[in-house]
Amino acid sequence: MLTLNSPLSFTIRAHRLPSLRRSSPSAMTDAEASPPITELASPAPRLPLELLAIIIEQAAQLVEAQHARFAKLWIARLCLISKSLLPFARPLLYADIWVRYQRNDLDAVGEALDDPEQMVTSNDRRLRRAFRTKPALGTLVRRLTLDLRFDFFDEDDEDRVQPAVDQIIRSCPNLLHLDIISFRDGASSESALSTITPGWLSQLTKLVIEHVGEEAVAALQYMPSLHTLELAPMNDTSQWGEYPDSFPDSYPFSLHDLQLSSNTPPKLFRALVSNSSSSLHTLWTSTETLEGLVGAKRLPPFSNLQDLVVMCTDDQDPNPAIKSFLPLTPSLTRFQCVADDDELDLADDVLPRLPRSIETIEISAVKVSAQLLSTFIKSKASRHPNLLLLRAEGEREDWSAVDLIGVAEAFEKAGVKLEF
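Read in order, the letters of the sequence shown are residues 1 to 420 in the UniProt record's numbering.
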């Protein structure tokens, strides 16, 4: 057996395997007799900034797709690993802010940790403090959601919340999308927008208000850049006199998308679309609103309107209102008629009034007869050459098997897809 009496010396060099060297005692030097030396590789270079940006963006997309409510939390955790990620993470963290006002004090650590989503999005005190100390953070906000359901509040809470809401909105000069969720009477939406002055939200392009109040509607005159507006549902219009005369007759914006509730006053509808006859692309309205336009001053044609959704209100014949409005839609490609029950009948002369450009027809919870569909589809080639799909979801108890087969064959012959 071989016995080594001489000491062994190890040296680890970067990018090399450890080497073993045998030395005799007489040949040892002071250096060799000293403790082993470890030579480490030079520090790894920092990742390029472009690559760091890609890492953050991809991580955000992955988390958003699978666990949307925790997206910001995971991005924040990435930043704890390296502060070099902060410049790329901040725009993602602050781009979409949700502030929820409830009676519970969400600044309390115990409550916040119970719901990570609230910890990130509902702490308005920390958010306002961040905007005060670092105003640049407010410039990153593009979408702001204010949950102002004051039914959970004492009467004095509105006065407490109003200054906070003002500060948050004022801190976001680049805000493009504002969502306001309020209670049924619309009071909190009025409170949120009651102090809006010219120049405050002039850059806003999308506004969504759930349960809108009188002053919130009046504030629209200060938002000339609006492209998308959703006001649904309105509060009780009897409280504010069916759109008071004190409100403007028109608004300065040219809308692309407009969604209104079933009880929107016709005068308000006219004002909202006053400058949108050529820009409006999508419209959600109701037969109740359209009925108020019948017999009044005729609206100009909506030359570029492509998507029309009409909600049929209870106990009201939808046909006169729809028939009076369809001639104003020469470029319509999709028409949807929606009702709450199956008690409403679609008249035989409604569908033929649709323009030649129509491609999709959807009828939901509205009675439609087999005879109507058969007659309509037979004129498809001459009246509606672009029609591709008709979807009818409603009552068909009076249809026989022969009716169903006949309608299906007529649509197949016309090359139009039929869905029930």
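Cβ atoms here follow ideal geometry from the backbone N, Cα and C, with glycine treated the same way.
Given the structure is predicted, the values throughout are model-derived calculations rather than measurements.
As summarised for the region 200-273, the continuous beta strand (DSSP E) elements at least 3 residues long and confined to that stretch are 206-210, 228-231 and 257-260, given in chain order.
For proline 318, the closest alpha carbon among the candidates Ala365, Phe302, Pro330 and Pro300 is that of Ala365. The residue from Pro173, Asp403 and Arg356 with its alpha-carbon nearest to that of alanine 370 is Asp403. Glutamate 291 is not a Cβ neighbour of phenylalanine 335, given a cutoff of 9 Å.
Taking serine 194 as the centre and dropping the five residues before and after it, the same chain places the C-beta of Glu215 closer than 6 Å to its C-beta, in chain order. In the DSSP annotation of this structure, the continuous segment of the beta strand (DSSP E) that includes alanine 392 starts and ends at 389-393. Per DSSP, arginine 149 is not a residue of any beta strand (DSSP E), being assigned neither H nor E. With contacts defined by Cβ atoms closer than 9 Å, phenylalanine 253 and histidine 227 form a contacting pair.
By the neighbour-count definition (other C-beta atoms within 10 Å, threshold 16), alanine 401 is an exposed residue.
For serine 382, the enclosing alpha helix (DSSP H) starts and ends at 380-383. Residue range 307-312 is occupied by the beta strand (DSSP E) that includes cysteine 312. When Arg396, Lys380 and Glu397 are compared, the shortest CA-CA separation from lysine 417 is found for Lys380. A straight-line Cα-Cα distance of about 9 Å links leucine 175 and threonine 205. DSSP places valine 99 outside any alpha helix (DSSP H); the residue lies instead in the beta strand (DSSP E), whose first and last residues are 96-100. Counted as a single uninterrupted DSSP element, the beta strand (DSSP E) harbouring cysteine 337 occupies residues 334-339. Isoleucine 168 is positioned such that its CB atom lies no closer than 9 Å to that of isoleucine 209. Nearest neighbour of leucine 178 by Cα position, chosen from Met223, Thr197 and Lys297, turns out to be Met223.
Straight across, the Cα-Cα distance linking leucine 280 with leucine 229 is about 11 Å. For lysine 72, the number of other beta carbons within 10 angstroms of its own is at least 16, and it is reported as buried. Per DSSP, glutamate 291 is one residue of the alpha helix (DSSP H) stretching across 287-291.
Between isoleucine 75 and cysteine 172, the gap from beta carbon to beta carbon reaches 9 Å or more.
Burial is judged here by how many other beta carbons sit within 10 angstroms of a residue's own beta carbon; phenylalanine 420 has fewer than 16 and is exposed. Serine 84 is classed as exposed because its beta carbon has fewer than 16 other beta carbons within 10 Å across all chains shown. Between threonine 285 and histidine 256, the CB-CB gap reaches or exceeds 9 Å. When Val273, Gly415 and Ala136 are compared, the shortest CA-CA separation from threonine 289 is found for Val273.
Distance from tyrosine 251 to alanine 219 at the Cβ level is roughly 11 Å; contact not present, criterion being Cβ atoms closer than 8 Å. The Cβ atoms of arginine 142 and alanine 192 do not sit closer than 9 Å to each other. Between leucine 390 and leucine 372, the C-beta spacing is not below 9 Å. When Arg128, Gln203, Leu326 and Leu207 are compared, the shortest CA-CA separation from glutamine 259 is found for Leu207. Isoleucine 180 is bridged by DSSP to Leu146 and Ile209. Residues of the same chain with their beta carbon placed closer than 7 Å to that of isoleucine 55 are lacking, with the five preceding and five following residues left out of the count.
Taking 9 Å as the cut-off, the beta carbon of threonine 360 is found no closer than this to the beta carbon of isoleucine 322.
According to the DSSP assignment, glutamate 409 belongs to the alpha helix (DSSP H) that extends over 401-414. Residue pairing by DSSP puts aspartate 345 in a beta bridge opposite Lys367. With a beta-carbon spacing of about 4 Å, arginine 100 and aspartate 147 fall inside the 8 Å limit used to define contacts.
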